[in-house]
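Order-wise, the sequence lines are chains A and B.
Each residue of the first sequence is one higher than the last, beginning at 364 in this note's numbering.
Each residue of the second sequence is one higher than the last, beginning at 1031 in this note's numbering.
Heads up, the beta-carbon is just placed ideally off N, CA and C, and yes, glycines get one too.
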Amino acid sequence: MNSATVRNLLVRGMLAGLAAGVLALLVAYFLGEPDVDKAIAFEHVPAHTHAHEHDTEVFSRSLQSTAGLATGVLVYGVAFGGIAALAYCYALGRVGRLTPRATALLLSGCALLAVYVVPFLKYPANPPSVGEADTIGRRTGLYFLMMLLSVLLAIGATLLGKRLAPRLGTWWATVTAVTAFAAVIGMAYAFLPAVNEVPSHFPATLLWRFRLSALAIQSTLWAGFGLLFGELAERLLDPRPAAARARAVPAAR
Amino acid sequence: MGQTVAQPTATTPAVPATLPLRAIAPWAVFFGILMLVLLYFVGAEQGATSVFNGTDVHEWVHDARHLLGFPCH
């Protein structure tokens, strides 16, 4: 019975992740792709001699910016949808007096912060032509380390808050947990090595716009996921007959 | 918004029952790893490390990798 609930939530999480991925894909295509193209154009300015694998053209730009982009964003959506659904199974009923729908949106907001925003503030997204080919191993390692650290610390802060709640009350327990999270993340920011490989003449406005687009994509993905998955989870978990909430959700199941 | 809580017919509390960890664990182990493998192929394959030779995977998801914030070449 419980196992079936987990399975049902997992399936819904992956579907909601796919749908949120479609929304994020629209943002990525219309907001992000123009910046990617401009950055690639900068890369091919003759003065900028940077031997690069793009010159070999395995796939055309029009394929990369449509089918390739879609593959990446949708797989990302499904994968994080599944992981978030599993985390949701654990969070459900354990994070406070919240409905299934509110729990989903809270989890989604925390995931946006822990999985993306916190690592992004230290190692922000970079457009093509920013970043040296020979440091890819180090940069990838640092990025995934920051992501892992942020997620583990967010889980730790949540458990700490739960622990403190009976003594300090929900408000101050939450404030303490968030402060502890910020303090440790701040130390990680301070001690982990910086990465700055922006070419000297790369347009600052383009870099700024690209990074804003990257943030917009993630915000769309996680907001969409939180709302869609929350609705699906609410319908699945609310045991009351459909008539009791007919006004809110007609023909639930 | 909120009608489900505000309905006068609501006799049960709004807080849902918890799912025991042992019901979640098998799904979390199997699907968690599967999802992480998917993320690896979108985010890092043929960049820092390679399971397959060549650059096809990297080039195919190239734009997504940049726009999703992963380090890419």
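- Linking residue 1083 of chain B to residue 1075 of chain B through their CA atoms gives a straight-line distance of about 10 Å.
- Close to chain A, meaning a Cβ-Cβ distance shorter than 7 Å, are the following residues of the region 1077–1089 of chain B: 1077, 1078, 1085, 1086, 1089.
- When Cβ-Cβ separations below 7 Å define contact, residue 1055 of chain B makes no contact with chain A.
- In the DSSP secondary-structure assignment, residue 1079 of chain B is bridged to B/1075.
- Counting the other Cβ atoms within 10 Å of the Cβ of residue 532 of chain A gives fewer than 16, which makes it exposed.
- With the criterion set as a beta carbon lying under 8 Å from some beta carbon of chain B, the members of the region 366–378 of chain A are 366, 368, 369, 370, 373, in sequence order.
- Those residues of the region 378–397 of chain A placed with their C-beta closer than 8 Å to a C-beta in chain B are 391, 395, 396, ordered along the chain.
- Rounded to the nearest whole angstrom, the C-alpha separation of residue 455 of chain A and residue 586 of chain A is 18 Å.
- In the pairwise beta carbon analysis, the region 568–588 of chain A is classified as touching the region 385–398 of chain A: at least three pairs are separated by under 8 Å.
- Going by beta carbons, residue 1049 of chain B and residue 473 of chain A fall outside the 7 Å limit.
- Contact between residue 517 of chain A and residue 553 of chain A fails: their C-beta atoms lie close to 19 Å from each other, not under 8 Å.
- Annotated three-state conformation of residue 537 of chain A is helix, per DSSP.
- Burial check for residue 435 of chain A: the Cβ neighbour count within 10 Å reaches 16 or more, so the residue is buried.
- For residue 1088 of chain B, the uninterrupted alpha helix (DSSP H) run begins and ends at 1086–1090, by DSSP.
- In the structure shown, residue 490 of chain A falls within a coil segment according to DSSP collapsed to helix, strand and coil.
- When the beta-carbon positions are compared, residue 1101 of chain B and residue 503 of chain A come within less than 7 Å of each other.
- In this structure, the CA atom of residue 402 of chain A is about 11 Å from the CA atom of residue 572 of chain A.
- Shown here for residue 493 of chain A: same chain residues with a beta carbon closer than 8 Å to its own, the five before and five after excluded, namely 402, 560, 561, 562, 565, 570 in chain order.
- Counting the other CB atoms within 10 Å of its CB gives residue 542 of chain A a total below 16, which places it among the exposed residues.
- Close partners of residue 526 of chain A in chain B (Cβ separation under 8 Å) are lacking, with about 17 Å as the shortest Cβ gap.
- In the DSSP assignment, residue 453 of chain A falls within the alpha helix (DSSP H) that extends over 432–454.
- When rounded, the separation of the alpha-carbon atoms in residue 407 of chain A and residue 537 of chain A is 50 Å.
- Cβ neighbours of residue 1085 of chain B within its own chain (closer than 7 Å, five residues either side excluded): 1076.
- A direct Cα-Cα distance of roughly 19 Å separates residue 441 of chain A from residue 480 of chain A.
- The Cβ of residue 434 of chain A sits closer than 7 Å to at least one Cβ of chain B.
- For residue 1091 of chain B, the nearest CB of chain A lies under 7 Å from its own CB, placing it at the interface with that chain.
- Taking 7 Å as the cut-off, the beta carbon of residue 1099 of chain B is found no closer than this to the beta carbon of residue 544 of chain A.
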